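Undergrad: Using this note's numbering, the first residue of the sequence shown is number 34, and each one after it goes up by one.
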Amino acid sequence: MSLTLTNDAGTADQELSPTYTLTAEQLDAFGDELDAIRQRVVADLGEVDAQYIRKVVKYQRGFEVAGRLMFYVPPLWPAAVASLSVSKILDNMEIGHNVMHGQYDWMGDPGLNSRMFEWDTMAPSENWKYGHNYMHHTYTNIVGKDRDVGYGILRMDEDQEWRPYYLGNPLYAFLLMTFFEWGVALHDLETEELIAGRRTWAENREIAGRIWRKVRKQVAKDYIVFPLLTGPFFLSTLAGNAVANLIRNVWTFNIIFCGHFPAGVATFTVEETENESRGGWYYRQLLGSANITGSKLMHVMSGNLSHQIEHHLFPDIPARRYPELSVEVQEICERYGLQYNTGPLHRQLGSVFKKICRMALPDRKASSAPDPTGDVTDNPLAA
34 MSLTLTNDAG
44 TADQELSPTY
54 TLTAEQLDAF
64 GDELDAIRQR
74 VVADLGEVDA
84 QYIRKVVKYQ
94 RGFEVAGRLM
104 FYVPPLWPAA
114 VASLSVSKIL
124 DNMEIGHNVM
134 HGQYDWMGDP
144 GLNSRMFEWD
154 TMAPSENWKY
164 GHNYMHHTYT
174 NIVGKDRDVG
184 YGILRMDEDQ
194 EWRPYYLGNP
204 LYAFLLMTFF
214 EWGVALHDLE
224 TEELIAGRRT
234 WAENREIAGR
244 IWRKVRKQVA
254 KDYIVFPLLT
264 GPFFLSTLAG
274 NAVANLIRNV
284 WTFNIIFCGH
294 FPAGVATFTV
304 EETENESRGG
314 WYYRQLLGSA
324 NITGSKLMHV
334 MSGNLSHQIE
344 HHLFPDIPAR
354 RYPELSVEVQ
364 EICERYGLQY
374 NTGPLHRQLG
384 SVFKKICRMA
394 LPDRKASSAP
404 DPTGDVTDNP
414 LAA
């Protein structure tokens, strides 16, 4: 079933699924408003933004040095793990993810340039930028094109055909959360395509080579070199590095999944996004994302991906701007009668894991698509 939209002359000019609640004219106006916000913010970028990211880098390095040094004092092991965990989270979330989106390319700083930055995780930046920046952000929540819908492992939407394999959905999600950096690294191999015979190992040779080189470097760094440097405390340092990586993995998984898969997040088909306008792209980003309310510290530790809606709308704008932009985006959503999906971490996370378990089972006979105008939260986003 599709919804026919009409132009001023009253003739049909576009067909969209019922997921779309705006007319073609409204979509264009909606896109123009968001374009205007982006242009205004880009023109306003300057020293305050540069000082912010440099300050975050300074703190990240400080936490890493402190953590590494405290491993030489065994009673400080818990503090060392905590400090190193904070460092790794900041490196991945507020620095790495955002820098590799090109949010700070305008600074002309080689250390903060998207083409040169490499982060502290198993996934090579070059692989990740293609799979994430291009594939995911271009085809956000289009089932069959956005490989982040389920990560090739999970069933996260009813449009994904159910198979007995998916009975293990909760177990696969737990393992992906535990080894998330490994899952992200292997994601670009598209192993499900290999199994299906639609991709060959020859096509993966270059991608796999980059993964192997990065994995060797990360394993040597965290599990050989730094533990050896602590001499008699080798085992405790090795264990501490492993726990810090685990904490980073669990935190990152939860933030990302809460931004993409809680209740009320819409998915789209390839057919209904054909010939998509700029306004339609913005519309899909909005309805295919969700935010998390919380403190300023929580937003920083999430790389401001607690504002996943704003990130999907403006992926190359410095993430520190997302809290202020969220106020404007919410106001626009209210005027257009669109859902702005936000809520506290525990509620978004609960709905994600409920979905993971529900998608493990065969489809119900009667199911309904998410209501884009439905009320999903009583709490406004903390800006």
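We put the CB at the ideal spot given by N, CA and C, even for glycine. Since the model is a prediction, treat every value here as computed from it, not as a measurement.
Drop a sphere of 10 angstroms on the beta-carbon of residue 88, count the other beta-carbons inside from all chains shown, and report buried for 16 or more, exposed for fewer.
TA: Its Cβ having fewer than 16 others within 10 Å, residue 88 is exposed.
Undergrad: Measuring CB to CB, does residue 63 end up less than 8 Å from residue 355?
TA: Going by C-beta atoms, residue 63 is not nearer than 8 Å to residue 355.
Undergrad: Roughly how many whole angstroms lie between the Cα atoms of residue 154 and residue 207?
TA: Each residue's Cα considered, the two are about 19 Å apart.
Undergrad: One question on the structure: do residue 291 and residue 253 come within less than 8 Å of each other, judged by their Cβ atoms?
TA: Not closer than 8 Å, so no.
Undergrad: Check the DSSP bridge columns for residue 340 and list the partner residues they point to.
TA: Answer is 324, bridged to residue 340.
Undergrad: Here's the rule I'm using: 16 or more other beta-carbon atoms within 10 Å means buried, otherwise exposed. How should residue 76 be labelled?
TA: It counts as exposed.
Undergrad: Measuring CB to CB, does residue 351 end up less than 8 Å from residue 82?
TA: Taking 8 Å as the Cβ cut-off, residue 351 and residue 82 qualify as a contacting pair.
Undergrad: Can you tell me whether DSSP reads residue 348 as helix, strand or coil?
TA: Looking at residue 348 - three-state DSSP - the assignment turns out to be coil, as it is neither helix nor strand.
Undergrad: With a cut-off of 8 Å on the beta carbons, I'd call residue 219 and residue 202 a contact; round off their distance for me.
TA: Contact flag wrong, Cβ pair sits at about 18 Å.
Undergrad: For residue 395, which of helix, strand or coil comes out of DSSP?
TA: DSSP places residue 395 in coil when its eight states are reduced to three.
Undergrad: For residue 286, which of helix, strand or coil comes out of DSSP?
TA: Here residue 286 sits in helix by DSSP.
Undergrad: Relative to the C-alpha of residue 372, which candidate in 391, 327, 387 and 317 has its C-alpha closest?
TA: Among 391, 327, 387 and 317, the Cα nearest to that of residue 372 is on 317.
Undergrad: Report, in whole angstroms, the separation of the C-beta atoms of residue 140 and residue 336, which I expect to be a contact under 8 Å.
TA: Not quite, the Cβ-Cβ distance comes to about 18 Å (not below 8 Å), so this is no contact.
Undergrad: Helix, strand or coil for residue 164? Go by DSSP, reduced to three states.
TA: Of the three classes helix, strand and coil, the one that applies to residue 164 here is helix, per DSSP.
Undergrad: Any idea what DSSP makes of residue 201, helix, strand or coil?
TA: Helix, per DSSP.
Undergrad: Hey, how far is the Cα of residue 255 from the Cα of residue 120?
TA: Spanning the two alpha carbons is a distance of roughly 13 Å.
Undergrad: Reducing DSSP to helix, strand and coil, say where residue 186 ends up.
TA: Residue 186 falls in the coil class under three-state DSSP.
Undergrad: Under 8 Å between the Cβ atoms of residue 257 and residue 157?
TA: Against a cut-off of 8 Å, the Cβ pair of residue 157 and residue 257 comes out as no contact.
Undergrad: Does residue 148 pass the burial test, meaning 16 or more other C-beta atoms within 10 Å, or should it be called exposed?
TA: When all chains shown are included, residue 148 counts as exposed.
Undergrad: Tell me whether residue 104 sits in a helix, a strand or coil according to DSSP, three-state version.
TA: Coil, per DSSP.
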